[in-house]
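Participant:
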Amino acid sequence: MKKEKNALWEFFASVKLALFVLIVLAITSIIGTIIPQGESYGFYVGKYGPTTAQVFKLLNVPDMYNAWWFLSFLVLLSINLTVCSIERLPNVLRLMGKENLKTDSLRISRMRSRAAFFAASSVEESAGKLKEALGSSRWKMMQSDVEDGVLFFLQKGAWTRLGVFTVHFSILVIFAGAIIGSLFGYKASIMLPEGARTDFVYLSDGSGTKMPLGFTLRCDRFDLSYYDTGAPKEYRSRLVVEKDGKELLAKEVIVNDPLQYGGLTFYQASYQGLENQYFADIENRSTKARQKFLVTPRKESKWPDQGVTFGIVGRMGPDWQGKYRHKIWFSDGQGAPSQFQMEENATVVVQRPGTEYTFFLKQRFATGLQVAKDPGVWWVYIGCTLMLLGLYVAFFTSHRRIWLHVSREGSRSRVLVGGLSNKDKLGFENEFSRFSESLTENGRLNLTKE
Amino acid sequence: MNSSQLLGATTFLYLFASVLYAAIFIFRAQKLGIVATGVIVIGFLVQTAGIIMRWVESYQIGYGHAPLSNMYESLVFFSWAIVVFYLGLELKFKNRIIGAFAVPFAFLSMAYASFSTEFGQEIKPLVPALQSNWLIAHVVACFIGYAAFAVACGLGIMYLMKDRGKKGAAAVGKDEGLLGTLPDLKIIDDIIHKSLVFGFLWLSTGIITGAIWANSAWGTYWSWDPKETWSLITWFVYAVALHARFTKGWGGKWIAWLAILGFLAVLFTYYGVNFLLSGLHSYG
Ligand code: HEM
Chain A
76 MKKEKNALWE FFASVKLALF VLIVLAITSI IGTIIPQGES YGFYVGKYGP
126 TTAQVFKLLN VPDMYNAWWF LSFLVLLSIN LTVCSIERLP NVLRLMGKEN
176 LKTDSLRISR MRSRAAFFAA SSVEESAGKL KEALGSSRWK MMQSDVEDGV
226 LFFLQKGAWT RLGVFTVHFS ILVIFAGAII GSLFGYKASI MLPEGARTDF
276 VYLSDGSGTK MPLGFTLRCD RFDLSYYDTG APKEYRSRLV VEKDGKELLA
326 KEVIVNDPLQ YGGLTFYQAS YQGLENQYFA DIENRSTKAR QKFLVTPRKE
376 SKWPDQGVTF GIVGRMGPDW QGKYRHKIWF SDGQGAPSQF QMEENATVVV
426 QRPGTEYTFF LKQRFATGLQ VAKDPGVWWV YIGCTLMLLG LYVAFFTSHR
476 RIWLHVSREG SRSRVLVGGL SNKDKLGFEN EFSRFSESLT ENGRLNLTKE
Chain B
34 MNSSQLLGAT TFLYLFASVL YAAIFIFRAQ KLGIVATGVI VIGFLVQTAG
84 IIMRWVESYQ IGYGHAPLSN MYESLVFFSW AIVVFYLGLE LKFKNRIIGA
134 FAVPFAFLSM AYASFSTEFG QEIKPLVPAL QSNWLIAHVV ACFIGYAAFA
184 VACGLGIMYL MKDRGKKGAA AVGKDEGLLG TLPDLKIIDD IIHKSLVFGF
234 LWLSTGIITG AIWANSAWGT YWSWDPKETW SLITWFVYAV ALHARFTKGW
284 GGKWIAWLAI LGFLAVLFTY YGVNFLLSGL HSYG
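Those sequence lines, one after another, are chains A and B.
In this text, residue positions in the first sequence follow the working numbering: the first is 76, and each later residue adds one.
In this text, residue positions in the second sequence follow the working numbering: the first is 34, and each later residue adds one.
(1) With a 10 Å radius around its C-beta and 16 neighbouring C-beta atoms as the bar for buried, classify residue 141 (chain A) as buried or exposed.
(2) Go to residue 430 (chain A), then tell me how far its alpha helix (DSSP H) extends in each direction, as first and last residue.
(3) I'd like the span of the beta strand (DSSP E) that includes residue 288 (chain A), first residue to last.
(4) Between the C-alpha atoms of residue 125 (chain B) and residue 131 (chain B), what's the straight-line distance to the nearest angstrom?
(5) Can you tell me the Cα-Cα spacing of residue 325 (chain A) and residue 346 (chain A), whole angstroms?
(6) Which one or two residues does DSSP pair with residue 243 (chain A) in a beta bridge?
(7) Evaluate residue 164 (chain A) with the Cβ neighbour count: other Cβ atoms within 10 Å of its Cβ, from every protein chain shown; 16 or more gives buried, anything less gives exposed.
(8) Under a three-way DSSP split, which group does residue 386 (chain A) fall into?
(9) Across which residues does DSSP place residue 187 (chain A) in a beta bridge pair?
(10) Taking all protein chains shown into account, decide if residue 507 (chain A) is buried (16 or more other Cβ within 10 angstroms of its Cβ) or exposed.
(11) I need the DSSP call for residue 77 (chain A), collapsed to helix, strand or coil.
(12) If contact means a Cβ-Cβ distance below 7 Å, which residues of the region 293–321 of chain A contact chain B?
(13) Name the one or two DSSP bridge partners that residue 220 (chain A) has.
(14) Measure how close the beta-carbons of residue 137 (chain A) and residue 131 (chain A) come, nearest whole angstrom, since I'm counting them as under 8 Å.
(15) When the Cα of residue 438 (chain A) is compared with those of A:97, A:401, A:457 and A:169, which residue comes out closest?
(16) Less than 7 Å between the CB of residue 288 (chain B) and some heavy atom of the ligand HEM, yes or no?
(17) How about residue 99 (chain A): is its Cβ closer than 7 Å to a heavy atom in the ligand NAP?
(18) Return the CA-CA distance between residue 228 (chain A) and residue 167 (chain B), expressed in angstroms with no decimal places.
(19) Could you spell out the range, first to last residue, of the alpha helix (DSSP H) harbouring residue 241 (chain B)?
(20) Give me the Cα-Cα distance between residue 470 (chain A) and residue 398 (chain A), rounded to the nearest whole angstrom.
(21) Does the region 79–96 of chain B touch the region 146–164 of chain B, meaning 3 or more C-beta pairs lie closer than 8 Å?
(22) Less than 8 Å between CB atoms is the rule here; does residue 128 (chain B) satisfy it with respect to chain A?
(23) Considering only heavy atoms of the ligand HEM, does any lie closer than 7 Å to the CB of residue 147 (chain A)?
(24) Going by DSSP in three states, residue 442 (chain A) sits in which element: helix, strand or coil?
(25) Could you tell me which chain A residues have their CB closer than 7 Å to the CB of residue 160 (chain B), listed as they occur along the chain?
(26) Starting from residue 402 (chain A) and walking both ways along the beta strand (DSSP E), at which residues does that stretch end?
(27) For the ligand HEM, any of its heavy atoms closer than 7 Å to the Cβ of residue 474 (chain A)?
(28) Are there three or more Cβ pairs, one per stretch, closer than 8 Å when the region 92–107 of chain A is compared with the region 147–155 of chain A?
(29) With hydrogens ignored, establish whether the beta-carbon of residue 163 (chain A) is closer than 7 Å to any heavy atom of the ligand HEM.
(30) So is residue 234 (chain B) in contact with chain A if we call contact Cβ pairs under 8 Å?
(31) Restricting to runs no shorter than 4 residues, where is the alpha helix (DSSP H) found entirely within the region 127–212 of chain B?
(32) Could you please tell me which residues of the region 432–446 of chain A, in chain order, have their CB closer than 9 Å to any CB of chain B?
(33) Residue range of the beta strand (DSSP E) that residue 351 (chain A) falls in?
(34) Just to make sure I have the definition right: I need the residues of chain B whose C-beta is within less than 7 Å of the C-beta of residue 470 (chain A). Which are they?
(35) Could one say the Cβ of residue 304 (chain B) lies closer than 8 Å to chain A's Cβ atoms, at least one of them?
(36) Using 10 angstroms around the beta-carbon of residue 86 (chain A), count the other beta-carbons present and answer buried if the total reaches 16, otherwise exposed.
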């Protein structure tokens, strides 16, 4: 019984299983990059035939990265990582701690880096001096009396052994973040016209379910600009968060710079020109009175304060650039009404007998926002940070250990020095020879090389 | 002097350097060593100037962005990163034979950038989705990783040549001839591992910064789009290569093969996905 359990445990702890799972993940991941994902059943029947489409459906190939069999491999990877780490951690902790004081002199004398010295003093005296000298070095020191003398153990970077564990653990943290996100988060979207408000968004799962926001989101403006090549330069929405009629937060949202509020993030994703809806912005230049109007073509708009009446009476175009010209009718009750033509996103000065007006016209847009709630994303980011730190530590730092065994040699004493490093062996050899050189140079010790 | 003249000159300097490094290996022309290093250093300086110039030019036109925004610019940067990484290796291991297996990658990348008709070379403005510092970090990190993997691939080829030559020579009882000048298998294996480790750290950084960029632009850090998925496949291949040495029996030969396979995955992620599959990414 016990034996059987060990076999299973060893299976899950093995690096061979890790290689197998990683290879399987690499190969199966290719499928979803070749077979289009998320299409309708009819699409697969049309492209691959009914039998294949049936098999696809059975194996959930159209959504393979969420298919039970693909997720099972991720679970297997997680189990493998967990068991492997539990299996190895105790051993590694042993390598970092007191256990090193059990190393015997035979092993030290066989280490790759080693040296031996004679001291004219007794074991006790030599050990005392060594302790003094080593205590002030940058090495962390431990000491123990052994049967034939004294053993000193010095180490640097013991914690770096945990780098690999951090890397492996970070993968579990990232998975946890992904699971939290898929359980407690959602993706949604909304088309919000300029000047409009919403207190809900539509879930993006295809069901069209309305998700209440718990606050009101208002879009004040949407602007888009182009490079002179005609390529889009910027999409920009001015969004305002309101609650109980109070403005809580306002932000100009552009692609790559979303609005965050109440655990939700609003991304600039698309836009839409609203047919037959325009904004006019009019200012009386002498009184500085200014007003914005939502205008429908061929319908009269009024600005009672100023006695102004105006409207879009016609449209010409589009020209070769796709631009329209609009014919505007404008009256402020003094003299004959003005008529003029203008492009969108342009300002025209209207001369009237008593004063001057500036008249700005633009089409009304709706801004397309992606909405995401993902409480797991911070776990994913923490996991990613841990992974990079762990990789750095695992790759570029090392655990260096040095033992000094002081033993009796007649009336004198002998100091045997040995060192090991788990990585960067070449660098350590240099460090070790500098270390053992420094022992003889140290005036207090009076050691001679054997 | 403008950037395209400088980058054009770079292509020829790297061709010249490749020939010199190949000569050092094939004709055992050790004396050419310093010349080869000189040529590649000059090429590197000219290319660096070219990249900076292109950056400045993009500001002069009024688009103002780092020269990392399309296939052409990424190939130029790829080649630059290969040379930086190779020069680092040459300095550290004091061995120029590696150059014969690494420098040609830098030349090929520049040649492809310069002569391909599949993509334009002109400086174009950035569409809104590409206007992000995370994107710059993403591209830089990925290509530093790719450069290390390109060199690891060259070293993998070198390892397999040496391995085969050694066995062949042992079978007929002769010395290894040309292959005798290659470093010991153990040393090649060590440099491969160091390159893989370096590349893996940067590839991981590249994937992570790419995820952060995607999250800031679309609200999804991972969407299994083909480019993302292929970068992950590449990452898995190199994870296998790193773990292979902890399994008995999977010696240097396996790792050499994985270094080559991994670089094929890199090439597919970088190039194949754009032209054979569809997705969000417009370039490497
Ligand atoms: C995507 C998944 C994984 C990644 C990214 C990863 C990453 C790493 C890295 C970077 C190293 C250090 C390699 C080196 O120093 O050359 C390492 C070592 C190791 N990994 Fe993984 N690993 C993964 C999965 C696993 C799994 C599932 C196991 C389970 C057995 C495992 C077991 C080990 C072992 C035993 C070592 C050697 C540790 C040592 O230096 O003593 N790894 N891993």
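We put the beta carbon where it would ideally sit given N, CA and C, even for glycine.
Facilitator: Based on what the coordinates show:
(1) Along the first sequence, one-based indexing puts residue 141 (chain A) at 66. With fewer than 16 Cβ atoms within 10 Å of its Cβ, residue 141 (chain A) is classed as exposed.
(2) Counting from one through the first sequence, the residue named residue 430 (chain A) turns up at place 355. Element bounds for residue 430 (chain A): n/a, residue is neither H nor E.
(3) By 1-based counting over the first sequence, the position of residue 288 (chain A) is 213. Residues 285–301.
(4) For this step, residue 125 (chain B) is matched to residue 92 along the second sequence. For this step, residue 131 (chain B) is matched to residue 98 along the second sequence. Approximately 12 Å, taken between the alpha carbons.
(5) Along the first sequence, one-based indexing puts residue 325 (chain A) at 250. Along the first sequence, one-based indexing puts residue 346 (chain A) at 271. Rounded to the nearest angstrom, the two C-alpha atoms are 19 Å apart.
(6) Along the first sequence, one-based indexing puts residue 243 (chain A) at 168. BP columns for residue 243 (chain A) are empty, so no partner.
(7) For this step, residue 164 (chain A) is matched to residue 89 along the first sequence. Its Cβ having fewer than 16 others within 10 Å, residue 164 (chain A) is exposed.
(8) Residue numbering aside, residue 386 (chain A) sits at position 311 when the first sequence is read from its first letter. Strand.
(9) By 1-based counting over the first sequence, the position of residue 187 (chain A) is 112. Answer is none; residue 187 (chain A) lacks a bridge partner.
(10) Along the first sequence, one-based indexing puts residue 507 (chain A) at 432. Residue 507 (chain A) is buried by the Cβ-count criterion.
(11) Start at 1 with the first residue of the first sequence, and residue 77 (chain A) comes out as number 2. Because residue 77 (chain A) carries a pLDDT of 48, less than 50, the predicted location of this residue cannot be relied on, and no value is offered for it.
(12) 302, 304, 306, 307, 308, 309 and 310
(13) Counting from one through the first sequence, the residue named residue 220 (chain A) turns up at place 145. Residue 220 (chain A) is bridged to A:225.
(14) Taking the first residue of the first sequence as position 1, residue 137 (chain A) is located at position 62. Taking the first residue of the first sequence as position 1, residue 131 (chain A) is located at position 56. The pair is a contact, with the Cβ atoms about 6 Å apart (cut-off 8 Å).
(15) For the purposes of this step, residue 438 (chain A) is taken as residue 363 along the first sequence, with counting starting at 1. Selected option, being the one with the closest Cα: A:401.
(16) Taking the second sequence and counting its residues from 1, the one referred to as residue 288 (chain B) is at position 255. Every heavy atom of the ligand HEM is 7 Å or more from the Cβ of residue 288 (chain B), so no.
(17) The ligand content of the structure shown is limited to the ligand HEM, which means the ligand NAP is not among them.
(18) On the first sequence, residue 228 (chain A) is found 153 positions in, with the first residue counted as 1. On the second sequence, residue 167 (chain B) is found 134 positions in, with the first residue counted as 1. So the alpha carbons of these two residues sit roughly 46 Å apart.
(19) Position 208 of the second sequence holds residue 241 (chain B). Segment 218–251, the alpha helix (DSSP H) holding residue 241 (chain B).
(20) One-based indexing of the first sequence puts residue 470 (chain A) at position 395. One-based indexing of the first sequence puts residue 398 (chain A) at position 323. Answer to the nearest angstrom: the Cα atoms are 59 Å apart.
(21) yes
(22) Here the question's residue 128 (chain B) lines up with position 95 in the second sequence. So no, residue 128 (chain B) is outside the interface.
(23) Counted from its first residue, the first sequence places residue 147 (chain A) at position 72. Residue 147 (chain A): no, Cβ never under 7 Å from the ligand HEM.
(24) Locating residue 442 (chain A) in the first sequence gives position 367, counting from the first residue. Residue 442 (chain A): strand per DSSP, three-state reduction.
(25) Position 127 of the second sequence holds residue 160 (chain B). Here the neighbours are 306 and 307.
(26) The residue given as residue 402 (chain A) occupies position 327 in the first sequence. 400–406 is the span of the beta strand (DSSP E), which, as asked, contains residue 402 (chain A).
(27) Position 399 of the first sequence, counted from the start, is the residue given in the question as residue 474 (chain A). For the ligand HEM, not one heavy atom lies less than 7 Å from the Cβ of residue 474 (chain A).
(28) yes
(29) Mapped onto the first sequence, residue 163 (chain A) falls at position 88. Residue 163 (chain A) Cβ: within cutoff of the ligand HEM.
(30) Locating residue 234 (chain B) in the second sequence gives position 201, counting from the first residue. Closer than 8 Å: yes.
(31) 130–148 and 166–205
(32) 445 and 446
(33) The residue labelled residue 351 (chain A) in the question sits at position 276 within the first sequence. That run of the beta strand (DSSP E) goes 339–359.
(34) By 1-based counting over the first sequence, the position of residue 470 (chain A) is 395. In chain order: 230 and 234.
(35) By one-based count along the second sequence, residue 304 (chain B) stands at place 271. Between residue 304 (chain B) and chain A, the shortest Cβ-Cβ separation is not below 8 Å.
(36) Here residue 86 (chain A) refers to the residue found at position 11 when the first sequence is read from its first residue. Here residue 86 (chain A) is exposed. Its C-beta has fewer than 16 other C-beta atoms within 10 Å.
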